[in-house]
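Working notes, beginning with the structure itself.
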Amino acid sequence: MQKWPVVLVFIVAYQSLAEELKTISESDNIHKRAKRDWIWNQMHITEEQTASLPHYVGKITSNSINSNAKYVLQGEYANTIFRVDEHSGDVYAFERLDREKKADYELTALLLDRNTSRTLEPPSKFVIKVYDINDNSPVFEQKVFEGSVQEMSPVGTLALKVLATDADDPTVAGFGLVTYQILGGGSHFKISDDGTISTAVNNLDREKQSKYKFIVMAKDSPKHEEGLTSTTTVIITVTDINDNLPTFTQNQFTFDVPENARVDSEVGRLKVQDIDEPEQNNKTKYSFIKGEFRDTFSVVTSAATNEGILILRKSLDFESNTKYRFDIEVTDPTIDLQFLKQGGPRSIASVIVNVLDVDEPPIFSKPSYYFEVKENVPLGTFIGPVSARDPDAAKRNVGYLIRRPIEKGPIEVTKTNGNIVNTGTLDRETSAWHNLTIAAYEIYQNPPMTESHVQVSIKVLDVNDNAPEFAELYEPKVCENAPEGMVISQISAVDKDEMTPETRFTYYLDTERSNFTLQDNHDNTAKVIVKYGGFKQEVSKVHYLPIVISDNGSPPLSSTNTLTIGICTCNEEGEHTFCEVAFKQTGISIHALVAILVCILTILIITLLIVLRRRYKKDVNILGKNVAEIHEQLVAYDEEGGGEMDTNSYDVSVLNSVQRNITKSRPDMGPEPCLYAQVQKPSRNGEMAIMIEVKKDEADNDRDGLPYDTLHIYGYEGSESIVESLSSLESGSSDSEIDYDVLNEWGPRFKMLADLYGLDQNAEDLLF
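Once you know that position 259 of the sequence shown is 259 in UniProt numbering, the rest is easy, because the numbers rise by one and skip nothing.
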């Protein structure tokens with residue numbers, strides 16, 4: 001590091017006055033002092049000194065110095081970085097200084113009385129300036145600079161600008177001045193003193209080299225070889241221009257396409273190569289130059305791949321043409337010809353399209369058919385033919401059928417020849433048009449696999465087969481006192497047949513014996529006029545006027561229509577005050593009335609059956625209760641038993657004879673289901689406790705029993721009873737075949753038992 005010595009010369013020019021100002025007079029209180037000045041030059045110190053601290057800066061002095069005076073420094077950095085010798089005025093720096101951190105320091109010099117600290121001289125400010133040395137290298141703003149330039153740009157085209165800064169003082173020996181230099185790999189570019197990098201050649205080719213990377217060095221102190229340096233990396237991208245034509249990847253393209261390929265479908269793709277960037281070559285154009293097939297094929301450019309998409313624009317026919325051959329040229333109309341480098345400006349490829357044969361459906365001779373036929377023609381009348389042929393070389397026979405009929409109509413097509421005939425009556429008033437879809441297929445296919453369709457429209461022509469009738473339901477009314485010649489109504493007619501402007505209707509009365517007359521208006525309407533007048537409601541409340549309406553068709557048809565005219569009582573203004581109109585005919589046919597009656601009768605019969613069935617079920621439930629369950633009910637009656645008296649009066653052994661001797665077979669009755677568990681007597685008679693334990697165990701082990709606690713009641717007479725058990729728990733099942741009707745023969749004492757256990761005859765009839 002080079003050091004620049006600084007000679008600091010401090011000359012204190014002291015201008016002394018003869019003496020200090022003395023007090024002139026006490027009354028004036030004015031002190032006068034001789035003028036004195038601080039004298040020194042500006043102080044300097046070199047930064048980054050390597051000598052030991054402190055470093056001498058300079059000397060301050062005053063002409064007022066005496067033995068009791070001392071020098072003092074004041075300021076931000078006084079007595080820290082800078083200190084002064086109070087006797088000599090020498091200023092020292094006690095820290096190494098860095099000009100890049102602070103270039104100058106401002107201090108204040110004072111001269112004080114050592115004893116009283118009184119200022120002997122006014123304070124004086126001075127500056128210590130730090131001299132610069134070349135201790136900082138240039139610094140680039142970025143580690144890597146990136147720029148771009150278009151290929152084939154002229155010399156001097158700006159690519160980018162780099163910048164490095166130096167913290168040193170540029171005014172001192174050029175320490176802060178920076179110059180630039182390209183180091184290696186930058187022969188295609190040059191750099192100026194301000195860091196601007198531009199092209200040095202005019203033939204940059206992106207297709208040969210798209211990026212350039214090199215080093216740029218920055219150096220300070222351009223006038224000294226020992227200046228400090230730094231480097232950075234520069235990357236320059238060469239951008240593309242459209243300077244290359246697209247070329248086909250092969251000389252010939254071959255495609256196979258079936259003859260039934262859909263129009264506007266893709267046949268194939270012509271692959272091209274363009275070394276320019278995709279965004280530069282997306283305007284590729286394909287042109288037919290040989291072979292007149294522009295109406296059959298076209299080529300569109302794919303925006304994504306730049307390929308040529310061959311599109312079918314016309315239906316193919318293997319039987320007409322099996323192969324197409326043509327040439328296509330690829331060009332780029334947006335290319336800049338001044339930069340075109342290739343020698344041949346054209347790229348041409350041959351294209352071959354082979355048409356594949358497929359089994360095509362038949363082809364109709366017309367795209368649609370239209371026929372006319374008169375209504376009411378005989379069945380089997382020929383209406384018109386449809387015709388189709390097999391376009392394939394096999395020339396197979398063609399069959400015909402009607403497709404998608406809503407319902408079977410009165411028109412059919414002959415399968416073998418396509419003739420359309422009527423199989424039902426054609427009525428124009430019911431359906432004036434018949435639109436059919438007829439399919440043609442090859443007969444050898446069963447069922448048809450491929451077929452074609454055609455629309456057939458058949459118009460049914462009108463014939464005069466309907467007589468005219470009233471246009472609406474007329475209900476005119478006439479006053480009893482209506483005068484002669486009064487118009488009471490105007491009527492018109494309609495015809496279900498086709499009405500044309502030439503259609504005319506004629507009106508006349510069916511009888512002359514009427515109190516009304518008709519007047520034809522000759523515009524297909526007529527007026528009903530009172531002929532004599534003098535109507536009476538007492539004589540007739542309604543007049544029926546038969547009117548004949550005829551048309552001018554061929555042949556002419558007519559019909560008689562009855563006009564119902566009501567007779568009304570009117571006031572003086574002719575307003576109807578009372579009209580008694582006869583009941584209108586409902587218009588319901590006899591068949592409809594019969595159908596309604598049959599429906600009503602059917603509903604009544606079904607309702608009756610439902611009621612009877614419910615009643616029958618109710619009776620059966622009651623009977624079942626009497627037979628199987630009523631003996632479990634508690635029956636209370638007022639007759640008190642006789643106890644032993646009954647036993648002595650009657651032989652109770654007779655009751656046992658019901659089981660042993662008085663049983664009748666009932667083959668027509670099945671066993672009644674047991675509603676309760678049968679009582680099983682314990683093996684030891686007379687032991688009630690044992691019987692209870694046995695029944696408890698049965699209840700505990702009965703899986704069909706209720707899941708909750710229930711009360712079981714058992715009747716047990718005991719082993720000493722001669723009549724054994726009379727409990728009804730056993731009689732419901734084991735004794736189901738016993739005939740208890742015999743109880744009716746035992747007298748009134750057993751009447752209650754006979755009613756409980758005997759079978760009523762009516763109940764028996766209900767059961768069976």
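Ideal Cβ positions, reconstructed from N, Cα and C, are used throughout, including at glycine.
Predicted model only: the values in this text are computed from it and were never measured.
Take the alpha-carbon of Val-351 and the one of Asp-194: they are about 59 Å apart.
Within its own chain, the residues whose Cβ lies closer than 7 Å to the Cβ of Gly-89, once the five positions on either side in sequence are excluded, are Lys-59, Ile-60, Thr-61 and Tyr-71, listed in chain order. In this model, Asp-551 and Val-373 are separated by some 23 Å (Cα to Cα). Fewer than three Cβ pairs drawn from the segment 379-389 and the segment 282-291 lie within less than 8 Å of each other, which leaves the two stretches out of contact. With a cutoff of 9 Å on beta-carbon distance, Val-216 and Val-162 are scored as near each other. The straight-line gap separating the alpha-carbon atoms of Ser-137 and Thr-157 is approximately 30 Å. The C-alpha of Asp-264 is placed about 25 Å away from the C-alpha of Gln-250.
For the set Thr-437, Phe-145, Arg-615 and Pro-410, the Cα lying nearest the Cα of Ala-159 is the one of Phe-145. Nearest Cα to Glu-319 within the set Gly-566, Glu-360 and Phe-326: Glu-360. Annotation: the continuous alpha helix (DSSP H) that includes Lys-695 extends over 688-700. Pairing Thr-301 with Thr-331 gives a Cβ-Cβ distance that is not under 9 Å.
DSSP places Ala-218 inside the beta strand (DSSP E), whose first and last residues are 211-220. Per DSSP, the unbroken beta strand (DSSP E) holding Met-43 starts and ends at 43-46. For the options Thr-165, Lys-143, Gln-209 and Thr-199, the alpha carbon positioned closest to that of Thr-232 is the one of Lys-143.
Inter-residue distance for His-434 and Pro-556 is about 27 Å (C-alpha atoms, whole angstroms). Within the segment 141-207, the runs of beta strand (DSSP E) at least 3 residues long that lie entirely inside it are, in chain order, 144-150, 158-161, 178-183, 189-191 and 196-199.
If you draw a straight line from the Cα of Arg-83 to the Cα of Ala-109, it comes to about 11 Å. Counting C-beta atoms within 10 angstroms of its own C-beta, Cys-479 has 16 or more neighbours from the protein chains shown and is therefore classed as buried.
Here the alpha carbons of Pro-362 and Gly-399 stand approximately 9 Å from one another. Per DSSP, reduced to three states, the secondary structure at Thr-607 is helical.
The alpha-carbon separation between Lys-314 and Val-454 amounts to approximately 21 Å. When secondary structure is reduced to three states using DSSP, Ile-352 falls in the strand class. Residue Glu-375 holds the alpha-carbon nearest to the alpha-carbon of Asn-466 among Glu-375, Asp-357, Gln-181 and Thr-416. Judged by their CB atoms, Asn-446 and Thr-416 are not nearer to each other than the 9 Å cut-off. For the pair Glu-141 and Glu-100, the CB atoms are not nearer than the 9 Å cut-off. With contacts defined by Cβ atoms closer than 9 Å, Lys-459 and Ile-491 do not form a contacting pair. Following the DSSP letters along the chain, one finds Leu-753 inside the alpha helix (DSSP H) bounded by residues 751-757. One thing to note: Thr-237 has its Cβ no nearer than 9 Å to the Cβ of Gly-308. With contacts defined as CB atoms closer than 9 Å, Ile-348 and Phe-248 qualify as a contacting pair.
Less than 9 Å divides the Cβ of Glu-76 from the Cβ of Tyr-105. At the C-beta level, Phe-505 and Leu-563 stay beyond 9 Å of one another. DSSP places Leu-53 in the coil class of the three-state scheme, outside both helix and strand.
Counting other Cβ atoms within 10 Å of its Cβ, Leu-593 stays below 16 and is therefore classed as exposed. Thr-199 and Leu-316 have their alpha carbons spaced roughly 58 Å apart. Out of Phe-371, Glu-451 and Gly-409, the CA that lies nearest to the CA of Pro-391 is found in Glu-451. Boundaries cannot be given for Thr-249, as no beta strand (DSSP E) includes it and DSSP labels it neither H nor E.
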